[in-house]
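Residue 60 in the UniProt record's numbering sits at position 60 of the sequence shown, with consecutive numbering throughout.
A virtual CB, placed ideally from N, CA and C, is assigned to each residue, including glycine.
Remarks on the structure that follows.
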Amino acid sequence: MLKKVRYTHPMNTRDEYPFSLKWLSYIDQLDLNHPLIFLVGNNGIGKSTLLQALAIQNQIPQLTNESYETDPNYDKMLAFAECLKTEWSVKSKSGFFFRADDYISFVRKNARLRNELLHELALLDERGVPKLAFERQPYENSLAALKRTYPKELHELSHGQSFLALFKSRLVPKSLYLLDEPETPLSSQNQLALLHMIDAQIKQGAQFIIASHSPILTAHPDAVIYRMEEDQINSISYDEIENVAFMKNFMTDPKRFMYYTLENQ
1 MLKKVRYTHP
11 MNTRDEYPFS
21 LKWLSYIDQL
31 DLNHPLIFLV
41 GNNGIGKSTL
51 LQALAIQNQI
61 PQLTNESYET
71 DPNYDKMLAF
81 AECLKTEWSV
91 KSKSGFFFRA
101 DDYISFVRKN
111 ARLRNELLHE
121 LALLDERGVP
131 KLAFERQPYE
141 NSLAALKRTY
151 PKELHELSHG
161 QSFLALFKSR
171 LVPKSLYLLD
181 EPETPLSSQN
191 QLALLHMIDA
201 QIKQGAQFII
211 ASHSPILTAH
221 PDAVIYRMEE
231 DQINSISYDE
241 IENVAFMKNF
251 MTDPKRFMYY
261 TLENQ
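Structure, rendered in structure tokens:
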């Protein structure tokens, strides 16, 4: 389990993002020795930045398995990750870093790979290559592995269904998962289904650090919640989450809430 992260400011002081984030001064006080941690706070505060840097520093692969070093989106994060040091109780050797933005590209990549394998097998059929020939095995084995991992083709399911199918097939015990707003494509019911999957893996030794705005996901009774603000990071209760307080206020009397909101615009 990941226990702690420490930040050392680079010798050549940098004023650009992400080194300009003020909460970096408090990062060494961030206790990560817990199976389920939520990072909450306003957009742009740096939740995703912290997750990305943790993924790079600990060599946690992207869902797409693309290299951080060759991805221009991570140029600044590579330098930032070098300033982080982490402590583990037991180092996880599996898991992944997930961004909702990467999901569609992953599904398309998966479908493209499946089609390429089927195409190669079709070419072998045209050449009359026997079904049990050694030449077919690499393609057959790769296709079988895909079908075992994803029994149904992800691109043929609804967005929410394929999203849950992905997590169901990829989550395994004793792994570290860094998830950036996984609730984005999910209905309320499917968010609850995802939370059940997360809970099941936690009970088998997995660890999750999740950036989220979801009142449903963050309601897990055993979660540690950190609120990230411009110049500090604090542990808070569920009821102290700004989005939760807002939703409670709204759901108390939606019509009255909307009336006063629209009237005062």
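Out of the options, which has the shortest C-alpha to C-alpha gap to residue i?
i: E82; options: A219, P10, K131, L32; result: P10
i: T86; options: T70, A55, M77; result: A55
i: S175; options: P35, F250, L192; result: P35
i: P215; options: L186, I202, L2; result: L186
i: F96; options: L178, A219, Y259; result: L178
i: E242; options: N43, S89, D101; result: N43
i: Y74; options: M258, Y17, L113, Y238; result: Y17
i: S25; options: M77, L84, L78; result: L84
i: P182; options: L195, L118, V172; result: L195
i: L117; options: K93, K147, E66, D101; result: K147
i: I92; options: P61, D102, E66; result: One point to set straight first is that residue 92 is Ser, not Ile, in the sequence displayed. Considering only alpha carbons, the answer is P61.
i: F167; options: L143, A144, A193; result: A193
i: D101; options: L143, L63, S237, R6; result: L63
i: L32; options: Y238, S142, L51, D199; result: L51
i: N12; options: L143, S20, S94; result: S20
i: E230; options: S94, W88, I45; result: I45
Using the rule of at least 16 other Cβ atoms within 10 Å of the residue's Cβ for burial, across every protein chain shown, is residue i buried or exposed?
i: R127; result: exposed
i: A245; result: exposed
i: H213; result: buried
i: F80; result: buried
i: R99; result: buried
i: T8; result: exposed
i: F208; result: buried
i: P72; result: exposed
i: F163; result: buried
i: N58; result: buried
i: A122; result: exposed
i: M77; result: buried
i: L171; result: buried
i: Q191; result: buried
i: Y68; result: buried
i: A53; result: buried
i: A206; result: buried
i: T252; result: exposed
i: T218; result: buried
i: S201; result: In the sequence as presented, Ser is not what sits at residue 201; that position holds Gln. Label assigned to Q201: buried.
i: Y260; result: exposed
Got a sec, what are the start and stop residues for the alpha helix (DSSP H) residue i sits in?
i: R256; result: 254-263
i: L195; result: 188-202
Run the proximity test for residue i: is its beta-carbon closer than 7 Å to any non-hydrogen atom belonging to the ligand COA?
i: H119; result: As for the ligand COA, it is missing from this structure, which has no ligand bound.
Could you check where the beta strand (DSSP E) with residue i kicks off and where it finishes?
i: I241; result: That residue, I241, is in no beta strand (DSSP E); it is neither H nor E in DSSP.
i: V172; result: That residue, V172, is in no beta strand (DSSP E); it is neither H nor E in DSSP.
i: V21; result: The identity of residue 21 in the sequence shown is Leu, whereas the question assumes Val. Unbroken run through L21: none, as it is neither H nor E.
i: K131; result: First-last for K131: undefined, no H or E at that position.
i: Y226; result: 224-229
i: Y7; result: 2-7
i: A211; result: 207-211
Would residue i count as contacting chain D if we go by Cβ distances under 8 Å?
i: A81; result: Any reference to chain D falls outside this structure, which holds one protein chain only.
By Cβ distance, which residues of its chain are closer than 8 Å to residue i, with the 5 residues on each side in sequence left out?
i: K47; result: L39, V40, G41, D180, A211, M228
i: I233; result: W23, Y26, I27, Q29, L30, Y226, R227
i: N249; result: F257
i: M247; result: P215
Below 7 Å CB to CB, which residues in the same chain sit around residue i once its five sequence neighbours on both sides are set aside?
i: V90; result: M1
i: D222; result: L36
i: M258; result: none
i: S188; result: I216
i: R136; result: L121, L124, V129
i: P173; result: Q201, Q204, G205, A206
i: N65; result: none
Within the same chain, show all residues whose beta-carbon is closer than 6 Å to that of residue i, passing over the 5 residues directly before and after it, in chain order.
i: E49; result: The question names Glu, yet the displayed sequence has Thr at residue 49. Contacts found: P18.
i: I236; result: I225, R227
i: Y139; result: L117, E120, L121
Ranges of the alpha helix (DSSP H) found wholly within the region 28-101, counting only runs of at least 4: The qualifying runs are 47-57, 75-81.
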